[in-house]
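Numbering (our numbering), first residue to last: 12 to 247.
Positions of the beta carbon are idealized from the N, C-alpha and C atoms, including for glycine.
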């Protein structure tokens, strides 16, 4: 379980990114974070990876306030909570295989576990035949799949996605969403920030809307805004 309890985040420049946020996300949920730029979505995600800590309040993972983790405990948190980025952040001089394996190397995974884990992750995102390719040999959608494989290798319990379809066309975006839904069905909690109204309206998962750092809406089967685009459905 993830719980935000009276979470406020004020940056050193005085900007209040989140203000007294309270919410709970159960394990295995799929949640869209929506709202305009600057609403607090990225801050919400960064608090979960402990890239930043709240100014006030508690961010709980299970019964643990992750803001109070000791520095040596943070790498263990990040084995459980992984992030997918809009701009992929792949290493250009490494193959697909080694980009994914790198996530295990930095967490000091036993060498004997690396190859089967990487192969499993690549198979899950449909890139098992691209292991020896380099990022510049892949399409944008394939690069994002590598980014997803790198995030899920080692079976994290929580997957965060910060605008993962922001640089992709709609057809490719649906392909990425099908991968994320498949990962979610395996039991992984997925929290995705997005501006893509067509995808949000088509899938109608839980939607948490942020505005000026506050939660203004939390719908269990939500749409991007107050009114649904009922013609937005999954292709095929």
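- Take residue 34, set aside five residues on each side of it, and the residues of its chain with a beta-carbon closer than 7 Å to its own are 15, 219, 226, 229, in chain order.
- Its chain contains 60 as the residues whose beta carbon lies nearer than 7 Å to that of residue 89, once the 5 sequence neighbours on both sides are disregarded; these appear in chain order.
- Looking at the DSSP output, residue 204 sits in a beta bridge with 44, 173.
- DSSP assignment within the region 82-163 yields the following whole beta strand (DSSP E) runs of 3 residues or more, N-terminal first: 92-95.
- Going by DSSP, residue 186 is part of the alpha helix (DSSP H) stretching over 181-196.
- Between residue 215 and residue 234, the gap from beta carbon to beta carbon is short of 8 Å.
- Secondary structure of residue 213 (DSSP, three-state): helix.
- Note on geometry: alpha-carbon atoms of residue 222 and residue 52 lie some 9 Å from one another.
- The alpha carbon of residue 78 has as its nearest neighbour, out of 64, 72, 87, the alpha carbon of 64.
- The DSSP-derived three-state label of residue 219 is strand.
- For residue 53, the enclosing alpha helix (DSSP H) begins and ends at 52-59.
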